[in-house]
Amino acid sequence: MIPFLDLKKINKPFEKQFKASFQDFLNSGYYVLGKSVENFESEFAEYCGTKHCIGTGNGLDALTLILRGYTELGKLKKGDKVIVAANTYIATILAIKNAGLKPVLVEPDEKTFNLDPEKTLEKIDDSVKAILATHLYGQLADMESLQKIANKHNLLLISDAAQAHGAKRFSPSGKLKGTAGSLTDAAGFSFYPSKNLGALGDAGAVTTDDPDLAKIVSQLRNYGTSSKYKNEFAGVNSRLDELQAKFLSVKLPFLDEHNSRRRKIAERYLSEIQNDKINLPFLTEKSAHVFHLFVARVKNREKLCEHLEKNDIGYLVHYPVPPHRQKALPELQHLQLPLTEKIHAQVVSLPMSPVLTAEQVSRVIEVVNAF
């Protein structure tokens, strides 16, 4: 059996360091918002190329706190509209709702699965105050086009970077233009265990160059405190766990290496899978995709899934039900989004991780080609 994802194998090389980290954590006697969180925040900010990183309890809270922070700063107000890709994971939309804002769903670009700038432009009116772009499956959205739109209409531009740790954009001359964490006013990350940079539990972070936003997010994550037992805002409890911060600091130096391995596997899939029934991912720029997921499309998904199961190949579907068809979002169920619905009916994620062997990749290719 070739698993879709083997987290135990991914984390095995770090086991000795994890145990040492835990012992250090245990001996410290300081278990919440200590030096380990501060260290990781500094390391991840430097890695992303931003001035600030604020650790949170998870990725959903990271996005929610960005939007809450802008509300407290007066840059958003309750009821404002936020444009978001219709095919994103539901958490992106829940963050908008949780912050008291209204999501405006926009069909994606059919090739990249990311937010379509032209369709975004069509949805802008006086009540739209922000764009929240997801770098879906690990590929950077068209941030240059979205930034031009945001600048022209005086909108906030925010990234859901939960699947894009380490994705980078370069100029034609090879100069780094930015990363998934630095291309927008603020970005929200998840470090859920299956992410390219995964913790051993829930964890998240906000990155930004805005010192005012960073300060407010830091307060909001900790009950809205300005100092001990003094609460300036009605905040929440969403602090990056001290132990998870230690684990993330262990793994961060290996993120680029792991992303490079993912790209090499993706290159083999893209060049060696030759089956007219399978639509493979579209790659805009090599460095701009970290292949958190390798998502193909097929008209008869059920048959392909049966074929993969029969041949002991793991797979998942990201995602079977679009947000506007979820029972949890009844206010969106009237929307007609045919492209989004077609994508959700056809996508299949093939095995992808830095620990897949060459033999396993060859077997996946062989089985898919035989479909």
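Numbering-wise, the sequence shown is residues 0 to 370 according to numbering that gives the first Met the number 0.
C-beta: ideal position from N, C-alpha, C; glycine also.
(message) By alpha-carbon positions, which one of Y136, P171, K76, G203 ends up nearest to T55?
(response) G203
(request) Provide the residue(s) that pair with K263 in DSSP beta bridges, ordered along the chain. (result) Answer is none; K263 lacks a bridge partner.
(message) Comparing C-alpha positions only, which one of V360, N368, V366 sits nearest to L4?
(response) V360
(request) Within its chain, find whatever has a CB closer than 6 Å to the CB of S270; leave out the 5 residues flanking it on each side and keep chain order. (result) none
(request) Specify, as a first and last residue, the run of the beta strand (DSSP E) that A295 falls within. (result) 293 to 297
(request) With DSSP as the reference, label A204 as helix, strand or coil. (result) strand
(request) Any chance you could list the alpha helix (DSSP H) runs of at least 4 consecutive residues sitting entirely within the region 132 to 198, in chain order? (result) 142 to 152
(request) Report all residues from its chain with a CB closer than 7 Å to the CB of F21; omit the five preceding and five following residues, and keep chain order. (result) L242, listed in sequence order.
(request) Tell me whether D60 sits in a helix, a strand or coil according to DSSP, three-state version. (result) helix
(message) By alpha-carbon positions, which one of Q325, Q345, L131, V81 ends up nearest to D125?
(response) V81
(message) Going by DSSP, what residue range makes up the alpha helix (DSSP H) through I95?
(response) 89 to 97
(request) Kindly indicate which residue of G58, H134, T49, G48 has the alpha-carbon position closest to the one of A84. (result) H134
(request) Could you please give the first and the last residue of the uninterrupted beta strand (DSSP E) stretch that includes T55? (result) 51 to 55
(request) Figure out for me which residue from I53, N10, E14 has the closest Cα to the Cα of L219. (result) I53
(request) Below 6 Å CB to CB, which residues in the same chain sit around G200 once its five sequence neighbours on both sides are set aside? (result) Q243
(request) Return the CA-CA distance between N113 and D240, expressed in angstroms with no decimal places. (result) Straight-line Cα distance between these residues: approximately 31 Å.
(request) For T339, count neighbouring C-beta atoms within 10 Å of its own C-beta (all shown protein chains included) and say buried if the count is 16 or more, exposed if not. (result) buried
(message) Quick check: what's the CA-CA separation for E42 versus L64?
(response) 21 Å
(request) Below 8 Å on the Cβ atoms is my guess for G58 versus A161; work out the distance and round it to an integer in Å. (result) 4 Å
(message) At the level of alpha carbons, what is the spacing between N258 and Y228?
(response) 42 Å
(request) For T405, count neighbouring Cβ atoms within 10 angstroms of its own Cβ and tell me buried if that reaches 16, exposed if not. (result) Limits of the chain in this structure are 0 at one end and 370 at the other, which puts residue 405 out of reach.
(request) Would you check if the region 147 to 156 and the region 90 to 110 touch, i.e. whether three or more CB-CB distances between them fall below 8 Å? (result) no
(request) Kindly indicate which residue of A98, L349, V366, N86 has the alpha-carbon position closest to the one of H291. (result) L349
(message) At 3 residues or longer, what runs of the beta strand (DSSP E) sit wholly inside the region 221 to 261?
(response) Counting only runs of 3 or more, we get 224 to 226.
(request) Output yes or no for whether 9 Å exceeds the beta carbon distance between L307 and Y314. (result) In terms of Cβ geometry, L307 and Y314 form a close pair [threshold 9 Å].
(request) Could you spell out where the alpha helix (DSSP H) holding K341 opens and where it closes? (result) 337 to 345
(message) Under 8 Å: do the region 282 to 297 and the region 162 to 172 share three or more Cβ pairs, one atom per stretch?
(response) yes
(message) I need the straight-line Cα distance from E301 to D108, nearest angstrom please.
(response) 24 Å
(message) Given this structure, state the Cα-to-Cα distance separating L75 from Y268, to the nearest angstrom.
(response) 43 Å
(request) Determine the extent of the alpha helix (DSSP H) in which K309 is found, giving its start and end residues. (result) 300 to 309
(request) Go through its chain and collect everything with a Cβ distance to L6's Cβ below 6 Å, but skip five positions before and after it. (result) P192
(message) If you reduce the DSSP assignment to three classes, tell me which class H333 lands in.
(response) coil
(message) Taking 9 Å as the threshold (C-beta atoms), are L196 and L156 in contact?
(response) no
(request) Taking 9 Å as the cut-off, decide whether the C-beta atoms of T178 and C47 are in contact. (result) yes
(message) Give me the DSSP bridge partner(s) of A129.
(response) V81, L155
(message) Cutting at 6 Å between CB atoms, please list the residues of its own chain near V393, excluding the five before and the five after it.
(response) Since the first and last residues shown for the chain are 0 and 370, residue 393 lies out of range.
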